[in-house]
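All remarks here apply to the structure that follows.
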Amino acid sequence: MARPPSRRPGHNRKAQYSLFASYVVAVTGAAIGLLLVIVAIFDPTGFAGIRAVTAEVTRPVSAGLKNMVSGVSSVDEVLAAYWRAGSQNVALRRQVEADRNRIIEAKAVAQENARLKKLLKLVDEDASQLLTARLISSSSSSARRFARLNAGRWQGVLPGMPVRATEGLIGRVHSTTPNTSDVLLLTDTGSIVPVRRASDNIPAISTGAGDGSLEIRALSAGRNPFKPGDLLVTSGIGGIYQPNIPVAVIVRVQGEIAWGFPLANPSRVDAVVVERAYEQVVTRPDPAAPAPTQGAEPGNAATP
Amino acid sequence: MIDRHLYHVPRLGRNPSRFRLAGIPVITVMLGSTVTALPLIAQSPVMPPFGLLILLSWRLLRPELWRAWIGLPLGLFDDMLSGQPIGSAMFLWTVMLMGVDAIEHRMIWRSYRQDWLIAGFAIIFCMAGGLFFARITGGGDVRFLLVAPQMFWTILLFPLVVRQCARIDRWRVMA
Chain A
8 MARPPSRRPG HNRKAQYSLF ASYVVAVTGA AIGLLLVIVA IFDPTGFAGI
58 RAVTAEVTRP VSAGLKNMVS GVSSVDEVLA AYWRAGSQNV ALRRQVEADR
108 NRIIEAKAVA QENARLKKLL KLVDEDASQL LTARLISSSS SSARRFARLN
158 AGRWQGVLPG MPVRATEGLI GRVHSTTPNT SDVLLLTDTG SIVPVRRASD
208 NIPAISTGAG DGSLEIRALS AGRNPFKPGD LLVTSGIGGI YQPNIPVAVI
258 VRVQGEIAWG FPLANPSRVD AVVVERAYEQ VVTRPDPAAP APTQGAEPGN
308 AATP
Chain B
68 MIDRHLYHVP RLGRNPSRFR LAGIPVITVM LGSTVTALPL IAQSPVMPPF
118 GLLILLSWRL LRPELWRAWI GLPLGLFDDM LSGQPIGSAM FLWTVMLMGV
168 DAIEHRMIWR SYRQDWLIAG FAIIFCMAGG LFFARITGGG DVRFLLVAPQ
218 MFWTILLFPL VVRQCARIDR WRVMA
């Protein structure tokens, strides 16, 4: 194909001006775009309000499609379950027998726990759950990991609220529109969660790697205390996330860093729970001297 | 008076509507950007940026269709859906279109292979730029390897997309 002729307007003044003006508009617009990105460096959710239009328009479509495919997405799991069904059945039955005793023990412990808390006069209000909704779409073409939730400002969702499934933590609300909200997933590279090992209390920081895995760094000095198979739960330090939400299991240890996988897979969970941001309560708050509570401000969506 | 049944039959001496001529390319690019509304919760960047692919296809198929500023409104629409910071695709797509203009100006002969090469460079530019913008706007330490597979199959997907655009184009200009 030869060079297209239309780019050189020749001696036609009007065409020359029109071409020039188009480049002026393009360069100005590109500069404005760059300026918007620079604004986003300092205020990541600043212009996110513009997204409300598209988010609201695409919401019914995404939600409808999600309802259709939610059964299909677990087909492979159902098929895999048929593989060695007999031996699996026996193993599971033994497991249930073993777990039954543990459940009874756990119930006793919970009862004892409640009694002790009463003795300590520690008020443990469990009004943390706000609502249950579905994740309907995600930023599948971007390097960031956002998922769109089918509930927004009008349902009471605020930026900063933690989002979890029954299996574990999903992430936290990043920005909201009237009927949808963007959830910053646990695996996003900007998502930082304070965690601790479930068996003992070794604290660590979990950062997303962007590819579905988590980078976990222990806060203690010395050699890496983690080993494959360790379970991590949120520690509740710094607010936002309730303590003891399951987060990840460690699969690989590499020098200072341990790599983990989230326990809750956002593409598999059916519904997620939005919780109110958690505030650390100092036990037995004295009315005379109000205890300082830290973190948990709803607007701290920015993560360095 | 033309028979009603002949309205959709191509005939000599009739022109397609202006909406079809100017609107269809814009609508296809916007539909490409809307692919992220599919109910797929991705754990890593896997989906090729279809909006960018379709924009490039139209630009290389029909150089006279758009001026470079078309990257602004279409880029803004893509930003609203993609999860990138607002302004990212606005900037990258417009700069990319101006770059294609400059390359086209210098090339004397251009065929399908050169088109693919140009598209490849444009895709690498836009996705690397998008990664950089994601990193500076709170994305933390995003590694380049993370988007490399996505980049690879986006470039491989270009021939297919350009063919579909050509098919739509044949229908578009047919009266």
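Quick note, the sequences are listed as chains A and B, same order. The opening residue of the first sequence carries number 8 in the working numbering; numbering runs sequentially from there. The opening residue of the second sequence carries number 68 in the working numbering; numbering runs sequentially from there. Cβ atoms here follow ideal geometry from the backbone N, Cα and C, with glycine treated the same way. Predicted, not measured: the structure shown is a model, and the values here were computed from it.
Residue i - containing beta strand (DSSP E), residue span
i                : result
Ile223 (chain A) : Leu221 to Ala225
Val202 (chain A) : Ile199 to Arg204
Ile143 (chain A) : Leu142 to Ser145
Ala189 (chain B) : Looking at the DSSP string, Ala189 (chain B) is not in any beta strand (DSSP E); the run it does join, the alpha helix (DSSP H), is Tyr179 to Ala201.
Arg259 (chain A) : Pro253 to Gln261
Pro269 (chain A) : Ile264 to Pro269
Ser213 (chain A) : Pro210 to Gly215
Thr241 (chain A) : Leu238 to Thr241
Val280 (chain A) : Val279 to Glu282
Whole-Å CB distance - residue i paired with residue j, under 8 Å assumed
i                : j                : result
Ala156 (chain B) : Gly142 (chain B) : 4 Å
Gly154 (chain B) : Arg151 (chain A) : Contact doesn't hold; Cβ gap of about 14 Å is too wide.
Ile318 (chain A) : Ala70 (chain A)  : What is shown of chain A runs 8 to 311, which leaves residue 318 (chain A) out entirely.
Ser145 (chain A) : Ala109 (chain B) : 5 Å
Val200 (chain A) : Thr241 (chain A) : 6 Å
Ala47 (chain A)  : Gly53 (chain A)  : 6 Å
Thr184 (chain A) : Ala59 (chain A)  : 4 Å
Gly246 (chain A) : Tyr285 (chain A) : 6 Å
Ser29 (chain A)  : Ala189 (chain B) : Wrong, their Cβ atoms sit about 19 Å apart, outside the cutoff.
Leu128 (chain B) : Trp160 (chain B) : Actually they are not in contact, since the Cβ atoms of Leu128 (chain B) and Trp160 (chain B) sit about 17 Å apart, beyond 8 Å.
Leu164 (chain B) : Gly138 (chain B) : 5 Å
Ile209 (chain A) : Ser220 (chain A) : About 20 Å separates the two Cβ atoms, so there is no contact after all.
Thr204 (chain B) : Pro51 (chain A)  : 6 Å
Pro112 (chain B) : Leu213 (chain B) : 6 Å
Ala104 (chain B) : Leu132 (chain B) : Rounded, the Cβ-Cβ distance is 26 Å, inconsistent with contact.
Contact set between residue i and chain A, taken where Cβ atoms lie within less than 7 Å
i                : result
Ser149 (chain B) : Ser146, Ser148 and Ser149
Leu213 (chain B) : Ala150, Gly217 and Asp218
Met114 (chain B) : Ser147 and Ser148
Asp208 (chain B) : Thr196
Leu198 (chain B) : Ala150
Gln231 (chain B) : Result: empty, since nearest Cβ-Cβ is about 18 Å, beyond 7 Å.
Phe158 (chain B) : Ala37, Gly40, Leu41 and Val44
Ile203 (chain B) : Ile48
Trp136 (chain B) : Ser29, Val32, Ala33 and Gly36
Interface residues of chain A facing residue i [CB-CB closer than 9 Å]
i                : result
Met322 (chain B) : The requested residue 322 (chain B) does not occur in the structure, where chain B is confined to residues 68 to 242.
Thr161 (chain B) : Ala33, Val34, Gly36, Ala37 and Gly40
Residue i: first and last residue of the uninterrupted alpha helix (DSSP H) it sits in
i                : result
Ser25 (chain A)  : Arg20 to Phe49
Ser274 (chain A) : Element bounds for Ser274 (chain A): n/a, residue is neither H nor E.
Ala169 (chain B) : Ser155 to Arg173
Phe219 (chain B) : Ala215 to Val240
Ser124 (chain B) : Phe117 to Leu128
Ile94 (chain B)  : Ile91 to Ser100
Phe144 (chain B) : Gly138 to Ser149
Under 7 Å from the C-beta of residue i: neighbouring residues of chain D
i               : result
Phe54 (chain A) : Protein chains A and B are contained in the structure displayed, whereas chain D is not.
Contact list for residue i against chain B, beta-carbon separation under 7 Å
i                : result
Ile143 (chain A) : Pro106
Lys73 (chain A)  : Pro106
Ser227 (chain A) : Residues of chain B passing the Cβ test: none, with the nearest at roughly 22 Å.
Arg58 (chain A)  : Met147
Ala154 (chain A) : Ile108
Val76 (chain A)  : Pro106
Chain A contact residues for residue i, given Cβ-Cβ distances below 8 Å
i                : result
Phe225 (chain B) : Neighbours of Phe225 (chain B) on chain A: none; closest Cβ ~15 Å, over 8 Å.
Thr95 (chain B)  : Those do not exist, as Thr95 (chain B) stays about 16 Å from chain A at its closest Cβ, beyond 8 Å.
Gly243 (chain B) : The first residue shown for chain B is 68 and the last is 242, placing residue 243 (chain B) beyond what the model contains.
Chain B residues whose Cβ lies nearer than 9 Å to that of residue i
i                : result
Ser274 (chain A) : Leu107, Ile108, Ala109 and Gln110
Thr214 (chain A) : Gly207 and Asp208
Ser182 (chain A) : By Cβ distance, chain B contributes nothing, its closest Cβ being about 11 Å from Ser182 (chain A), past 9 Å.
Closer than 8 Å at the beta carbon, the chain B residues around residue i
i               : result
Pro51 (chain A) : Pro152, Thr204 and Gly205
Val68 (chain A) : Ala104
Complete runs of the beta strand (DSSP E) confined to the segment 65–108 of chain A [at least 3 residues]: none
Touch test, the segment 154–168 of chain A against the segment 54–70 of chain A, Cβ-Cβ under 8 Å, three pairs minimum: yes
Length at least 3, wholly inside the segment 132–187 of chain A: the beta strand (DSSP E) runs in chain order: 136–140, 142–145, 153–156, 169–171 and 176–183
Segment contact, 8 Å Cβ cut-off, at least three pairs: the segment 115–123 of chain A with the segment 31–46 of chain A: no
Sufficient close CB pairs (3 or more, under 8 Å) joining the segment 92–108 of chain B to the segment 202–210 of chain A: no
Validate contact between the segment 114–121 of chain B and the segment 215–225 of chain B using beta carbons, cut 8 Å, 3 pairs: yes
Three CB pairs or more closer than 8 Å across the segment 249–256 of chain A and the segment 268–277 of chain A: yes
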